[in-house]
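J.: The structure follows.
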């Protein structure tokens, strides 16, 4: 295993690795002194960032049949990864089904006292929902998950302590449930990101974990779904390291996907040249030495 892979493994799996046994075993089976020193420094650095708190944002738009199950799974995950107990920020983006009634009923449960509920009176779009969630987050680590249950929350468990100046970015290996229109939109978005803002992440529109302090330091200008491209491009330009993790894309239990609606596509097209200008201004303001 290469030094690069060892470092990644250390960064993301601290509880098992912070042990003399691992270091001594690695040394016995062929590790060189330089690598051992490097690994030890990583362990010491990670020990300083242990016991991190989490804010998990759930975006909900017409997910009456899914949201209760998703919230329960998020609660179970927080019990494992967040110290002290983390928070859930549930953003209902103007649902027109029975989502609000389901959520209001859940909020009566004592075990859900860590939920903060944000309800948009009208559907403002994924970008505005993300802004609402990110602005409200108080934890050390911030992640948005969809309210449809298509992200496997268990994938967060090995990565409870996230190092500073990093982005944990999950990417979907295959999107068999995507419509043709949504696949085309995703491909087009990735190409534009690479060409115009130098963003070469595998799946910028899927689940990502940010350090809250770094996220709050950004002056975000994009209000559509392209805000994720704005965040990642700015953080990476400032030296934050994306750590990309393969992710499953679970099938929906109920309901229909809204990610490729004409409203979202239209706004993304309008905001693409704006994103390019925003990033260029950001680069000029934060020129590297």
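Residue numbers (the working numbering): 3 to 291.
The beta carbon of each residue, even a glycine, is placed where N, CA and C say it ideally should be.
How many Å lie between residue 124 and residue 96 at the Cα?
T.: 4 Å
J.: Closest to residue 211 by CA distance: which of 274, 116, 247, 193 is it?
T.: 247
J.: Assign residue 269 to one of three DSSP states: helix, strand, or coil.
T.: helix
J.: Helix, strand or coil: which one does DSSP assign to residue 236?
T.: Three-state DSSP puts residue 236 in a helix.
J.: Have a look at residue 250 and residue 206 and give me their C-alpha separation to the nearest angstrom.
T.: 15 Å
J.: So what's residue 277 in DSSP terms, helix, strand or just coil?
T.: Looking at residue 277 - three-state DSSP - the assignment turns out to be helix.
J.: Please work out which residues of its chain come closer than 6 Å, Cβ to Cβ, to residue 221, disregarding the five sequence neighbours upstream and downstream, and give them in chain order.
T.: none
J.: Helix, strand or coil for residue 63? Go by DSSP, reduced to three states.
T.: coil
J.: Given a cut-off of 8 Å on the beta-carbon distance, is the pair residue 186 and residue 277 in contact?
T.: Cβ distance not < 8 Å, so residue 186 and residue 277 don't count as in contact.
J.: Sort 54, 129, 253, 61 by Cα distance to residue 118 and report the nearest one.
T.: 61
J.: Give me whichever residues DSSP pairs with residue 93 in a beta bridge.
T.: 61, 120
J.: What would DSSP say about residue 172, mapped onto helix, strand or coil?
T.: In the structure shown, residue 172 falls within a strand segment according to DSSP collapsed to helix, strand and coil.
J.: Looking only at DSSP bridge pairs, what is residue 146 linked to?
T.: 59, per the DSSP bridge assignment.
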